[in-house]
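Working notes, structure below.
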Amino acid sequence: MLALTPAISVGSALAPITLQTLGVMLAGALLGWWRGALAAVTYLLLALAGLPVLAGGTGGVEPFVGPSAGYLYGFVLGAAATGWLVDRIRGRVTAPKVFGAAIVGGVAVIYAIGIPVSAAVAGIPLWTAITGSWVFLPGDLIKAVLTALVVAAVVRAYPPAGPAARRR
Numbered sequence: 002m003l004a005l006t007p008a009i010s011v012g013s014a015l016a017p018i019t020l021q022t023l024g025v026m027l028a029g030a031l032l033g034w035w036r037g038a039l040a041a042v043t044y045l046l047l048a049l050a051g052l053p054v055l056a057g058g059t060g061g062v063e064p065f066v067g068p069s070a071g072y073l074y075g076f077v078l079g080a081a082a083t084g085w086l087v088d089r090i091r092g093r094v095t096a097p098k099v100f101g102a103a104i105v106g107g108v109a110v111i112y113a114i115g116i117p118v119s120a121a122v123a124g125i126p127l128w129t130a131i132t133g134s135w136v137f138l139p140g141d142l143i144k145a146v147l148t149a150l151v152v153a154a155v156v157r158a159y160p161p162a163g164p165a166a167r168r169r
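Take the sequence shown: its letters are residues 2 to 169, numbered as in this note's numbering.
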């Protein structure tokens with residue numbers, strides 16, 4: 002569903018703006034590190050098999066070798082990092098704590114993989130790819146806020162969905 006929304010191409014950005022990273026953050030935060038990573042792997046395998054689950058209804062091999070490929074690869078580690086951090090939250094799960102986990106895992110980790118791969122695939126200097134990626138940051142901050150609010154509400158309404166229940 003998050004890929005069904007139209008992909009928004011912005012200026013010289015090498016990847017479109019989508020809601021896919023919201024799914025990555027939610028998967029990690031709600032499922033935990035390994036289940037979140039497994040969900041991301043499953044999603045990418047479905048895309049690789051040709052199902053139109055990626056931005057703009059695409060799938061197949063092409064997205065995995067294009068300029069946005071690094072962001073796709075980053076989904077797995079991003080979900081794992083977000084889940085790992087949420088699993089470390091002691092006491093009550095709160096929106097600010099989940100927001101921090103989503104920023105680190107769902108933004109920083111994905112950017113750390115996506116930006117260098119974009120630069121390499123597009124044949125541009127790393128700094129150019131870094132400055133071109135700033136256009137994604139406001140949207141990703143909004144997605145992290147949404148993740149924090151949703152996860153805090155789910156854990157409040159259904160405590161077994163929280164990280165303490167996953168440790169049992």
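Backbone N, C-alpha and C define an ideal beta-carbon position, used for all residues, glycine too.
**Q.** Ala123 to Pro160 span [Cα, whole Å]
**A.** What you label residue 123 is simply residue 122 of the sequence shown in a count that begins at 1. What you label residue 160 is simply residue 159 of the sequence shown in a count that begins at 1. Distance between the alpha carbons of Ala123 and Pro160: 45 Å.
Q. For the alpha helix (DSSP H) that Ala158 lies in, which residues bound it at each end?
A. Numbered from its first residue, the sequence shown carries residue 158 at position 157. First-last of the alpha helix (DSSP H) with Ala158: 138–158.
(Q) Taking a contact to mean a Cβ-Cβ separation below 8 Å, would you say Thr83 touches Met26 in this structure? (A) Reading the sequence shown from its first residue, position 82 is the one you call residue 83. Reading the sequence shown from its first residue, position 25 is the one you call residue 26. Cβ distance < 8 Å, so Thr83 and Met26 count as in contact.
Q) Mapping DSSP to helix, strand and coil, what is Ile90? A) Locating residue 90 in the sequence shown gives position 89, where the first residue counts as 1. Correct three-state label for Ile90: coil.
Q) Who pairs with Thr95 in a beta bridge, going by DSSP? A) Here residue 95 refers to the residue found at position 94 of the sequence shown. Bridge partners of Thr95: none, in fact.
(Q) Using C-beta distances below 6 Å, list every residue in its chain close to Ala120, excluding the 5 sequence neighbours before and after it, in chain order. (A) If you number the sequence shown from 1, residue 120 lands on position 119. So the list reads Leu127, Ala130, once near-sequence residues are dropped.
Q: Within 10 angstroms of the Cβ of Leu55, are there 16 or more other Cβ atoms? Answer buried if so, exposed if not.
A: The residue you call residue 55 lines up with position 54 of the sequence shown. Classification for Leu55: buried.
Q) Nearest to Thr59 by alpha carbon, out of Gly67, Ala48, Pro68? A) The count along the sequence shown starts at 1 and reaches residue 59 at position 58. Closest by alpha carbon: Ala48.
Q) Where does Leu55 fall in DSSP's three states? A) Along the sequence shown, one-based indexing puts residue 55 at 54. If DSSP states are grouped into helix, strand and coil, Leu55 belongs with the strands.
(Q) Judging by CA-CA distance, which residue of Trp34, Ala109, Val62 is the nearest neighbour of Phe137? (A) In the sequence shown, counting from the first residue as 1, residue 137 sits at position 136. Phe137 has its Cα closest to that of Ala109, out of Trp34, Ala109, Val62.
Q. Is it true that the CB of Gly61 sits closer than 8 Å to the CB of Gly51?
A. Here the question's residue 51 lines up with position 50 in the sequence shown. Here the question's residue 61 lines up with position 60 in the sequence shown. In this structure, Gly61 lies closer than 8 Å to Gly51 by Cβ.
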